[in-house]
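Colleague: This is the structure I want to talk about, given as structure tokens.
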Amino acid sequence: MITIQDIYYINHLNQRIDLMESPYYLQTGDFFEYEWEYDSIDLGMGGRITKFKRGMKKKDLTLSVLAISKEAFYEALNNFHAYTEVDVLNLLPGKLYIGDQYMTCYLIQSSKKDWEKDEAFLDCTVSMISEYPFWKTENSNNLPIQSVISSDNKRYAGKYAQRYANGLTLKTLTNGHFAASDARIVMYGPITNPSVIIGNNTYSVNTVLNAGEYLTIDTAARTIIKTQGTGGQVNLFNYRNKSYDNFARVLPGVNSVSWAGDFAIDITIYEERSEPKWIL
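Here you go:
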């Protein structure tokens with residue numbers, strides 16, 4: 001549920017600015033506005049759109065900063081600047097949240113008015129720029145190891161989990177979005193040649209994962225990374241099974257998920273919208 005208390009900014013260092021709690025009071029913003037750009041062909045009498053696209057977008061937020069003392073007021077202004085400027089200087093974006101939806105962005109401009117020397121109050125308009133101007137919601141699905149096997153070669157280790165004669169365990173996950181969605185798929189060792197089928201697509205990598213290691217497939221970034229027990233990372237892009245599209249988006253609706261069942265998987269679905277979802 002989204003309330004007025006659920007609008008905040010978190011920088012890449014996980015430092016948080018609540019924009020609806022003292023000393024920051026968000027007044028208005030155009031983050032509910034959006035526009036698609038398009039390419040077209042002129043047909044003389046009318047035309048034809050050939051492509052829709054979205055470039056980087058700049059949006060403005062207006063907030064008031066109000067504190068009970070000059071010391072607290074200056075601390076609030078300095079913290080706001082430090083928490084947002086550190087993202088710009090390190091070229092690492094923060095996230096603006098509305099409820100559990102977020103947009104990655106930088107806060108790149110600030111203009112202030114109604115500021116007086118002896119008052120602990122001012123209004124501030126802040127400009128944000130997003131390289132990818134979509135609001136994301138993350139929906140996580142955890143598929144643990146399936147370990148209970150019955151004598152008829154079926155096993156039921158959890159709700160809707162079943163093992164078939166082909167050795168695969170079947171579950172379902174739902175992409176509740178209205179469009180195909182990117183996903184982050186994490187497969188945990190120990191396992192050789194980890195593979196999972198989601199819907200009609202297979203995600204498979206030719207590698208060995210030891211205990212304490214895991215493999216992450218990011219369909220949006222088009223990366224396949226193995227994280228070792230020491231924390232080191234190995235790029236396994238060239239070790240993907242090229243018979244399949246390892247970066248295919250997950251289709252909307254109910255998708256079957258089948259895998260060997262002897263290793264755990266986390267699947268995060270990213271719902272993306274041009275405007276934040278309106279929720280009571």
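Position one of the sequence shown corresponds to residue 1 (full-length UniProt numbering), numbered consecutively onward. Cβ atoms here follow ideal geometry from the backbone N, Cα and C, with glycine treated the same way.
Could you check how far apart the C-beta atoms of residue 105 and residue 96 are, in whole angstroms? I think they sit under 8 Å.
Modeller: If you number the sequence shown from 1, residue 105 lands on position 105. If you number the sequence shown from 1, residue 96 lands on position 96. At roughly 6 Å, the Cβ-Cβ gap stays under 8 Å, so residue 105 and residue 96 are in contact.
Colleague: Out of 245, 135 and 198, state which residue places its alpha-carbon closest to the alpha-carbon of residue 277.
Modeller: The residue labelled residue 277 in the question sits at position 277 within the sequence shown. Comparing Cα positions, the closest option is 135.
Colleague: Given a threshold of 16 other Cβ atoms within 10 Å of its Cβ, counted over all protein chains shown, does residue 56 qualify as buried or as exposed?
Modeller: Walking along the sequence shown from the start, residue 56 turns up at place 56. Residue 56 is exposed by the Cβ-count criterion.
Colleague: For residue 121, which option in 183, 131, 129 and 70 has the closest C-alpha, if you only look at C-alpha atoms?
Modeller: Within the sequence shown, the letter at position 121 stands for residue 121. Taking only the C-alpha atoms, the option nearest residue 121 is 70.
Colleague: Can you have a look at residue 52 and say buried or exposed, based on whether 16 or more other CB atoms are within 10 angstroms of its CB?
Modeller: Position 52 of the sequence shown holds residue 52. When all chains shown are included, residue 52 counts as exposed.
Colleague: Using three-state DSSP, classify residue 227 as helix, strand or coil.
Modeller: Sequence index remark: in the sequence shown, residue 227 carries index 227 (1-based). The answer is strand: DSSP assigns residue 227 an E or B state.
Colleague: Tell me the DSSP bridge mates of residue 202?
Modeller: Taking the sequence shown and counting its residues from 1, one reaches residue 202 at position 202. Paired residues: 197.
Colleague: For residue 222, count the other beta carbons within 10 Å of its own beta carbon; 16 or more makes it buried, fewer makes it exposed. Which is it?
Modeller: Taking the sequence shown and counting its residues from 1, the one referred to as residue 222 is at position 222. Exposed, by the Cβ-count rule.
Colleague: Across which residues does DSSP place residue 138 in a beta bridge pair?
Modeller: Translated into positions along the sequence shown, residue 138 becomes position 138. According to DSSP, which records beta bridges pairwise, residue 138 is partnered with 270.
Colleague: Does residue 6 come out as helix, strand or coil in the three-state DSSP assignment?
Modeller: Here residue 6 is taken as the residue at index 6 of the sequence shown, counted from 1. Three-state DSSP puts residue 6 in coil, outside helix and strand.
Colleague: Pick out whichever of 36, 190 and 118 has its Cα sitting closest to the Cα of residue 74.
Modeller: Taking the first residue of the sequence shown as position 1, residue 74 is located at position 74. Checked all of 36, 190 and 118; the closest Cα to residue 74 is 118.
Colleague: If we count Cβ pairs, one from each stretch, closer than 8 Å, do we get three or more for the segment 232-249 versus the segment 203-220?
Modeller: Yes, the segment 232-249 touches the segment 203-220.
Colleague: For residue 7, which of 109, 232, 81 and 99 has the nearest alpha-carbon?
Modeller: Reading the sequence shown from its first residue, position 7 is the one you call residue 7. Ranking 109, 232, 81 and 99 by Cα distance to residue 7 puts 99 first.
Colleague: Can you give the Cα-Cα distance for residue 180 and residue 123, rounded to whole angstroms?
Modeller: Numbered from its first residue, the sequence shown carries residue 180 at position 180. Numbered from its first residue, the sequence shown carries residue 123 at position 123. Approximately 41 Å, taken between the alpha carbons.
Colleague: Kindly indicate which three-state DSSP category residue 183 falls into: helix, strand or coil?
Modeller: Within the sequence shown, numbered from 1, the residue matching residue 183 stands at position 183. Strand at residue 183.
Colleague: Mapping DSSP to helix, strand and coil, what is residue 280?
Modeller: Counting from one through the sequence shown, the residue named residue 280 turns up at place 280. If DSSP states are grouped into helix, strand and coil, residue 280 belongs with coil.
Colleague: What does DSSP give as the partner residues of residue 234 in its beta bridges?
Modeller: Within the sequence shown, residue 234 is the residue found at index 234, counting from 1. DSSP, once it has assigned bridges, lists 226 as partnering residue 234.
Colleague: Nearest CA to the CA of residue 203: which residue from 258, 178, 252 and 227?
Modeller: Here residue 203 corresponds to residue number 203 of the sequence shown, with the count starting at 1. Measuring from the Cα of residue 203, the nearest candidate turns out to be 258.
Colleague: Would residue 146 be called buried (16 or more neighbouring beta carbons within 10 Å of its own) or exposed?
Modeller: Position 146 of the sequence shown holds residue 146. By the 10 Å Cβ count, residue 146 comes out buried.
Colleague: Using CA atoms only, rank isn't needed, just tell me which of 194, 54, 133 and 79 is closest to residue 262.
Modeller: Walking along the sequence shown from the start, residue 262 turns up at place 262. Ranking 194, 54, 133 and 79 by Cα distance to residue 262 puts 194 first.
Colleague: Quick one: complete beta strand (DSSP E) runs, 3+ long, within the segment 47-112?
Modeller: Whole beta strand (DSSP E) segments, 3+ residues: 47-53, 57-66 and 94-98.
Colleague: Return helix, strand or coil for residue 24, following the three-state DSSP convention.
Modeller: As a first step, residue 24 must be located in the sequence shown, where it is residue number 24. Strand, per DSSP.
Colleague: With 16 other CB atoms within 10 Å as the buried threshold, where does residue 188 fall?
Modeller: For the purposes of this step, residue 188 is taken as residue 188 along the sequence shown, with counting starting at 1. Flag for residue 188 reads buried.
Colleague: Write down the C-beta distance between residue 172 and residue 65 rounded to the nearest angstrom, noting that I regard them as a contact closer than 8 Å.
Modeller: Residue numbering aside, residue 172 sits at position 172 when the sequence shown is read from its first letter. Residue numbering aside, residue 65 sits at position 65 when the sequence shown is read from its first letter. Between residue 65 and residue 172 the Cβ distance is about 48 Å, and since that is not below 8 Å, they are no contact.
Colleague: Check whether the Cβ atoms of residue 210 and residue 190 sit closer than 7 Å, and answer yes or no.
Modeller: For the purposes of this step, residue 210 is taken as the residue at position 210 of the sequence shown. For the purposes of this step, residue 190 is taken as the residue at position 190 of the sequence shown. It is a contact, given that the beta carbons lie within the stated cut-off.
Colleague: To the nearest angstrom, how far is it from the Cα of residue 186 to the Cα of residue 44?
Modeller: As a working mapping, residue 186 is identified with position 186 in the sequence shown. As a working mapping, residue 44 is identified with position 44 in the sequence shown. Cα-Cα distance, rounded: 51 Å.
Colleague: In the DSSP assignment, find the unbroken beta strand (DSSP E) run with residue 214 in it and report its ends.
Modeller: In the sequence shown, residue 214 corresponds to position 214, counting from 1. 214-218 is the span of the beta strand (DSSP E), which, as asked, contains residue 214.
Colleague: Buried or exposed: where does residue 29 fall if 16 or more other Cβ atoms within 10 Å of its Cβ makes it buried?
Modeller: By one-based count along the sequence shown, residue 29 stands at place 29. With 16 or more other Cβ atoms within 10 Å, it is buried.
Colleague: Which residue or residues does DSSP assign as beta-bridge partners of residue 38?
Modeller: Along the sequence shown, one-based indexing puts residue 38 at 38. Residue 38 pairs with 52.
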